[in-house]
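*Asks:* Those letters in the sequence shown? Residues 541 to 632, per my numbering, in order.
Note that beta-carbon positions come from the ideal geometry of N, C-alpha and C, so glycine has one too.
From a predicted model like this one, the values you see are computed outputs, not experimental measurements.
I have a structure here, written as structure tokens, and I will follow up with some questions on it.
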Amino acid sequence: SAVIYNDDGLDVANEKIRQLFIGRYLSFTRGNTLTQMEFTIMGYMVSGYNPYQIAEVLDMDIRSIYAYKQRIEKRMGGKINELFIRSHSVQH
């Protein structure tokens with residue numbers, strides 16, 4: 541399952557996200573896949589980093605992080621936090 545838990549490390553979260561989108565890629569169109577940077581940023585977000593922390597770690601402008609966040613949410617069809625909470629609650 542692609543459920544990402546709070547205590548999952550960044551590598552584990554990234555792998556789960558990658559596996560999710562590999563399956564999505566096979567089932568849907570290529571437009572639903574994420575870029576490497578989007579995977580990275582989403583991995584940090586689901587691991588509990590806030591956009592300011594991500595910007596600092598990746599040495600990026602905060603506005604760029606928010607732009608990536610919006611693109612990720614558009615491709616996934618919902619807010620990252622809501623998708624994460626929903627998938628976490630289904631498993632418990």
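Measuring straight from C-alpha to C-alpha, what distance separates Asp551 and Lys614?
*Replies:* Rounded to the nearest angstrom, the two C-alpha atoms are 23 Å apart.
*Asks:* Less than 8 Å between C-beta atoms, sequence neighbours within five positions excluded: which residues of the same chain meet that for Ile594?
*Replies:* Around Ile594: Ile581, Tyr584, Met585, Met600, Ile605.
*Asks:* My assumption, with CB atoms under 8 Å, is that Ile620 sits in contact with Ile612. Please give the rounded CB distance.
*Replies:* Confirmed, Cβ separation roughly 6 Å.
*Asks:* Please classify Ser587: does DSSP put it in a helix, a strand, or coil?
*Replies:* Ser587: coil per DSSP, three-state reduction.
*Asks:* Whose CA, out of Gly588, Glu555, Asp548, Asp547, lies closest to the CA of Leu574?
*Replies:* For Leu574, the nearest C-alpha among the options comes from Glu555.
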